[in-house]
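Notes follow once the structure below has been shown.
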Amino acid sequence: MKVTREMGLKERIYIVEVVRGLYVTSKHFFSNLSIHIAHLLNLQKEKRGAETYQYPEEQRPYSHRLRMRHRLLKRQDGTPRCVACYMCETICPAECIHIVAGEKDDPLIEKYPVSFDIDLSRCIYCGYCVEACPCDAIRMDIPENKITAYDRNDLVLSINDLLI
Numbered sequence: 000m001k002v003t004r005e006m007g008l009k010e011r012i013y014i015v016e017v018v019r020g021l022y023v024t025s026k027h028f029f030s031n032l033s034i035h036i037a038h039l040l041n042l043q044k045e046k047r048g049a050e051t052y053q054y055p056e057e058q059r060p061y062s063h064r065l066r067m068r069h070r071l072l073k074r075q076d077g078t079p080r081c082v083a084c085y086m087c088e089t090i091c092p093a094e095c096i097h098i099v100a101g102e103k104d105d106p107l108i109e110k111y112p113v114s115f116d117i118d119l120s121r122c123i124y125c126g127y128c129v130e131a132c133p134c135d136a137i138r139m140d141i142p143e144n145k146i147t148a149y150d151r152n153d154l155v156l157s158i159n160d161l162l163i
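Numbering that gives the first Met the number 0 numbers the first residue of the sequence shown as 0 and each following residue consecutively.
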């Protein structure tokens, strides 16, 4: 049973909450403005204000935990490490991974992916495929933020694109 509390008079008056929001916003604005003015005057260099990245010339630094474009890892002989177990395809909530398996003559490797396609236009970059892979064959660590195309078919990565 969910208990809801009554809003007080201060919360019911909309103007009071708007003034509180304006106070917080203006506090951040003027503190950052004063820090940037101090930087221009060569003062308070140890304090950091809000930063703006001039995008085409200056790239924003990425976190090491950020999930970006997919890649398949290779064995030492150059073949994909994937054993076509369909775990990543099964767990994918967007259903953007499609694998076709083939049999291999090597007794140590039962199956291998004949085709391994990822549709980036459907991918939600959740990282479940990386976590589900039992042989650590797929990763999302290529720091590429320019995933664009004029056609949706160009956003489908094949096994050759993923093995880079």
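Note that the Cβ used here is the ideal one computed from N, Cα and C, for glycine as well. Just so you know, these numbers come straight off a predicted model, no measurement behind them.
Length of the line joining the Cα atoms of ILE137 and SER33:
47 Å
State the DSSP-derived secondary structure class of VAL113, mapped to helix, strand or coil.
strand
Under a Cβ-count criterion, where at least 16 other Cβ atoms within 10 Å of its own Cβ denotes burial, should ARG151 be classed as buried or exposed?
exposed
The beta strand (DSSP E) enclosing GLY101, as first and last residue numbers
96-102
I need the boundaries of the alpha helix (DSSP H) containing ILE34, first residue and last residue.
13-39
Thinking PRO79 and TYR127 are a contact (beta carbons under 8 Å), I'd like their distance in whole angstroms, please.
Their Cβ separation, rounded to whole angstroms, is 19 Å, which puts PRO79 and TYR127 out of contact at 8 Å.
Once DSSP output is grouped into helix, strand and coil, what is the label at LEU8?
helix
With distances taken between CB atoms, is the gap from LEU161 to HIS69 smaller than 8 Å?
yes
Can you check the segment 62-86 for any beta strand (DSSP E) of at least 3 residues that lies completely inside it and give the ranges in chain order?
68-71
Using the C-alpha atoms, what's the distance from VAL155 back to ASN41?
50 Å
Using the three-state DSSP reduction, which class does VAL129 fall into: helix, strand or coil?
helix
If you count every other CB in all the chains shown that lies within 10 Å of the CB of MET6, and 16 or more means buried, which is it?
exposed
MET86 beta carbon less than 8 Å from that of CYS172:
Outside the displayed range of the chain (0 to 163) lies residue 172, so it cannot be described from this structure.
So which of GLU102, ARG121, SER120, CYS122 has the shortest CA-CA distance to SER114?
GLU102
Between which two residues does the alpha helix (DSSP H) harbouring ASP160 extend?
158-161
Evaluate LEU71 with the Cβ neighbour count: other Cβ atoms within 10 Å of its Cβ, from every protein chain shown; 16 or more gives buried, anything less gives exposed.
buried
Considering only C-alpha positions, which residue in the set GLU94, ASP135, ILE158 is nearest to ALA100?
ILE158
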